[in-house]
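Chains as they are written, first to last, in the numbering used here: chain A, 112 to 313; chain B, 12 to 323.
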Amino acid sequence: MRSRAIGFDIVRLAALGALALSPAHAGDAAPPQVRQSPIALSASEHQAAEEFEARVREYRALQTKLEATLPKLPSRATPQQVDDNQRALGVLISAARADAKRGAFFTPDLQALVKRVLAAVLGGSDGKTIKASIMDENPGVPDLGVNDRYPDAIPLSTMPPQVLKALPKLEEDLEYRFIGERLVLMDARAHIILDFTDDVLP
Amino acid sequence: MTGSTRRLIVTTLVVAAIGFGCRGSIPVTAGPATVQASQSPAGAPIPLPNKKGSLKFTVLGDFGTGGRGQYELAAELARFHEGFKFDDVVTVGDNLYGAERPQDFKRKFEDPYKPLLDAGVKFHASLGNHDAREQRYYKLFNMDGKLYYSFKAPNEGVRFFVLDTTYPVPEQIAWLEQELSGSSDAWKIAVFHHPLYSSGGRHGSDLKLRETLEPLLIRYDVSVVFTGHDHFYERIKPQHGIVHFIVGSGGQLAAGDIDKRSALTARGFDTDQAFLAVEISGDTMYFNAISREGRVVDSGIVERRKPTGNPR
Numbered sequence: 112m113r114s115r116a117i118g119f120d121i122v123r124l125a126a127l128g129a130l131a132l133s134p135a136h137a138g139d140a141a142p143p144q145v146r147q148s149p150i151a152l153s154a155s156e157h158q159a160a161e162e163f164e165a166r167v168r169e170y171r172a173l174q175t176k177l178e179a180t181l182p183k184l185p186s187r188a189t190p191q192q193v194d195d196n197q198r199a200l201g202v203l204i205s206a207a208r209a210d211a212k213r214g215a216f217f218t219p220d221l222q223a224l225v226k227r228v229l230a231a232v233l234g235g236s237d238g239k240t241i242k243a244s245i246m247d248e249n250p251g252v253p254d255l256g257v258n259d260r261y262p263d264a265i266p267l268s269t270m271p272p273q274v275l276k277a278l279p280k281l282e283e284d285l286e287y288r289f290i291g292e293r294l295v296l297m298d299a300r301a302h303i304i305l306d307f308t309d310d311v312l313p
Numbered sequence: 012m013t014g015s016t017r018r019l020i021v022t023t024l025v026v027a028a029i030g031f032g033c034r035g036s037i038p039v040t041a042g043p044a045t046v047q048a049s050q051s052p053a054g055a056p057i058p059l060p061n062k063k064g065s066l067k068f069t070v071l072g073d074f075g076t077g078g079r080g081q082y083e084l085a086a087e088l089a090r091f092h093e094g095f096k097f098d099d100v101v102t103v104g105d106n107l108y109g110a111e112r113p114q115d116f117k118r119k120f121e122d123p124y125k126p127l128l129d130a131g132v133k134f135h136a137s138l139g140n141h142d143a144r145e146q147r148y149y150k151l152f153n154m155d156g157k158l159y160y161s162f163k164a165p166n167e168g169v170r171f172f173v174l175d176t177t178y179p180v181p182e183q184i185a186w187l188e189q190e191l192s193g194s195s196d197a198w199k200i201a202v203f204h205h206p207l208y209s210s211g212g213r214h215g216s217d218l219k220l221r222e223t224l225e226p227l228l229i230r231y232d233v234s235v236v237f238t239g240h241d242h243f244y245e246r247i248k249p250q251h252g253i254v255h256f257i258v259g260s261g262g263q264l265a266a267g268d269i270d271k272r273s274a275l276t277a278r279g280f281d282t283d284q285a286f287l288a289v290e291i292s293g294d295t296m297y298f299n300a301i302s303r304e305g306r307v308v309d310s311g312i313v314e315r316r317k318p319t320g321n322p323r
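Here you go:
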């Protein structure tokens, strides 16, 4: 359902922007227009994003490999099957990444990029609205750890489309979420935290 | 009808914003949906016709607490089903609050709705911000492993477009565009968690989501939008020809949260749990919002958007 593409591929976003927002789409046959990203990346930021995406792809390969060792989860499962599968996958991934530490995905370069991009997205005239959306029912938690289960008691933060457009692209079943003002990279299949970075919101 | 029970008919033809005005740049191919409503307690409710062969369903949101309010509304829903045989329940998210262990699915979903499930009623879930992503695999939510999907109702030319608005990645928006543009269904109904319009004091309208979704909903002739998130029932005055309902009152309740000064509200109800019962027959959609006590707190008729012949 989700197609894969290189992150910051503005062409893909452009189709959406053109379809949804452009005043120029007067006919069905009108081609999507290429929209330039409002946030231009420097060469070093581009490199940081590409390296991040490579790590994400590598992780996705690991997840797929480990998941293949488990009984296949049907698309119409019982809660017990879902829970068993999720927790079993979490155990396998945590074991395979037992030495994983903070910063494995969010390297210093990527942290800087994320902060700058979010500052740009939230720094506009509607930044307050976007931040309010992120912080809606998002109390945060005092402690987080890599390989921890995503806290069951707190809701998933809302990710405004403008933020998702700006962040590097992820593979299927990986998601960004905010916990308080931390940006978390989570495995949405195993329900575990892969990495996080603090104080990313301006 | 006597004066005291005289039906207050409010016919709203929202044309001002269609094709011109603040969204003047959005091509519109269909006229507005129109609403005729009876607003309790001012008037007697407009009944659901309960016609043979019509499409009947209910809408439920923000329900999965496992608490008394959810159970009592579920019991009312089951009672209601005895006289109004709906086949489907569409959920607008927050299907389970807190832990989502197997026993939670039982306590917060399977037990309260057991009479309906036993009767073969099918739930079609969307995900809210309290819902783990894994719910998409839960067979009784009929999502078939998908975070966003569409499905066609068995009759009356109705298609539902179910979105995941906590994580609206560009791919999802592109998918929506593709699905809407490829649909020739008479009724296009969008279902998702976060309201584009809401008079809620706690959450309110999701303006950034509106910016992204609304142009597509307008352009591709969506007539009705069902959402939740805010824990009350609210029918919004038609916006750009689209009728928005908030049905976040299935278990949670934010009593008194509707801003009484809001210009958006056509009808609000924030003093008790409620669900929405819907019947579609031809170009007409009848609706009744029903409280935990079985009282009709809002009712009316929506005429779907119809093509105007304007190019897309």
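In this text, a Cβ means the ideal position worked out from N, Cα and C, and glycines have one as well. In this text the structure is predicted, and so the values were computed from the model without any measurement.
Supposed close pair residue i, residue j - CB separation, criterion 8 angstroms
i                     : j                     : result
residue 284 (chain A) : residue 191 (chain A) : Not confirmed; about 21 angstroms, so no contact.
residue 278 (chain B) : residue 48 (chain B)  : 7 angstroms
residue 305 (chain A) : residue 245 (chain A) : That pair is no contact at about 20 angstroms.
residue 255 (chain B) : residue 187 (chain B) : In fact, because the Cβ distance is near 16 angstroms, the residues do not count as touching under 8 angstroms.
residue 339 (chain B) : residue 235 (chain B) : Outside the displayed span of chain B (12 to 323) sits residue 339 (chain B), for which this structure offers no information.
residue 150 (chain A) : residue 252 (chain A) : Not really, about 29 angstroms apart at Cβ, beyond 8 angstroms.
residue 193 (chain A) : residue 184 (chain A) : 7 angstroms
residue 172 (chain B) : residue 191 (chain B) : 7 angstroms
residue 136 (chain B) : residue 166 (chain B) : Residue 136 (chain B) to residue 166 (chain B), Cβ: 21 angstroms. No contact.
residue 118 (chain B) : residue 77 (chain B)  : 5 angstroms
Closer than 8 angstroms at the beta carbon, the chain B residues around residue i
i                     : result
residue 259 (chain A) : Chain B residues near residue 259 (chain A): none, gap ~15 angstroms exceeds 8 angstroms.
residue 225 (chain A) : Neighbours of residue 225 (chain A) on chain B: none; closest Cβ ~17 angstroms, over 8 angstroms.
Neighbour list for residue i in chain B, Cβ cutoff strictly below 9 angstroms
i                     : result
residue 273 (chain A) : 219, 222 and 223
residue 267 (chain A) : 138, 139, 140, 141, 142, 143, 144, 177 and 178
residue 270 (chain A) : 177, 178, 179 and 180
residue 199 (chain A) : Here the premise fails: no neighbours, minimum Cβ distance about 12 angstroms.
Contact under 9 angstroms by Cβ, residue i with residue j
i                     : j                     : result
residue 85 (chain B)  : residue 74 (chain B)  : yes
residue 310 (chain B) : residue 58 (chain B)  : yes
residue 91 (chain B)  : residue 291 (chain B) : no
residue 261 (chain B) : residue 285 (chain B) : yes
residue 257 (chain B) : residue 72 (chain B)  : yes
residue 124 (chain B) : residue 116 (chain B) : no
residue 210 (chain B) : residue 270 (chain B) : yes
residue 302 (chain A) : residue 145 (chain B) : yes
residue 104 (chain B) : residue 240 (chain B) : yes
residue 370 (chain B) : residue 98 (chain B)  : Here chain B covers residues 12 to 323 and nothing more, so residue 370 (chain B) does not appear.
residue 224 (chain B) : residue 176 (chain B) : yes
residue 289 (chain A) : residue 249 (chain A) : yes
residue 279 (chain A) : residue 167 (chain A) : yes
residue 178 (chain A) : residue 293 (chain A) : no
residue 237 (chain B) : residue 70 (chain B)  : yes
residue 213 (chain B) : residue 283 (chain B) : no
residue 148 (chain B) : residue 187 (chain A) : yes
residue 229 (chain B) : residue 247 (chain B) : no
residue 296 (chain A) : residue 281 (chain A) : yes
residue 307 (chain A) : residue 255 (chain A) : yes
residue 269 (chain A) : residue 247 (chain A) : yes
residue 165 (chain A) : residue 110 (chain B) : no
Those residues which DSSP pairs with residue i across a bridge
i                     : result
residue 162 (chain B) : B:171
residue 198 (chain B) : B:169
residue 250 (chain B) : B:253
residue 298 (chain A) : A:285 and A:303
residue 99 (chain B)  : B:68 and B:133
residue 318 (chain B) : B:41
Residue i Cβ short of 8 angstroms to the ligand FMN heavy atom set
i                     : result
residue 307 (chain A) : Ligands displayed in this structure: none; no statement on the ligand FMN is therefore possible.
Cross-chain neighbours of residue i in chain B, by beta carbon under 7 angstroms
i                     : result
residue 241 (chain A) : 219
residue 286 (chain A) : 178
residue 276 (chain A) : 181
residue 299 (chain A) : 144
Cross-chain neighbours of residue i in chain A, by beta carbon under 7 angstroms
i                     : result
residue 110 (chain B) : 263
residue 113 (chain B) : 190, 191 and 194
residue 116 (chain B) : 190
residue 214 (chain B) : 247
Partners in chain A for residue i, counting only beta-carbon separations shorter than 8 angstroms
i                     : result
residue 205 (chain B) : 269
residue 92 (chain B)  : Near residue 92 (chain B) there are no residues of chain A at all, since even the closest Cβ is about 23 angstroms away, more than 8 angstroms.
Q: Mind checking the region 164-188 of chain B against chain A and listing, in chain order, the residues whose C-beta falls within less than 9 angstroms of any C-beta there?
A: Residues 176, 177, 178, 179, 180, 181, 182, 183, 184, 185, 186 and 188.
Q. According to a CB-to-CB cut-off of less than 7 angstroms, which residues of the region 132-161 of chain B neighbour chain A?
A. 140, 141, 143, 144, 145, 148, 149, 150, 155, 156 and 157
Q: Return the residues of the region 263-282 of chain B that lie within a Cβ-Cβ distance of less than 9 angstroms from chain A, sorted by chain order.
A: none
Q: Identify each residue in the region 148-162 of chain A for which the Cβ-Cβ distance to at least one residue of chain B is less than 7 angstroms, and report them in chain order.
A: none
Q. Name the residues in the region 167-191 of chain A whose C-beta lies less than 8 angstroms from a C-beta of chain B; which are they?
A. 184, 185, 186, 187, 188, 189, 190 and 191
Q) If you measure beta-carbon to beta-carbon, which residues of the region 245-258 of chain A are closer than 7 angstroms to chain B? A) 247 and 248
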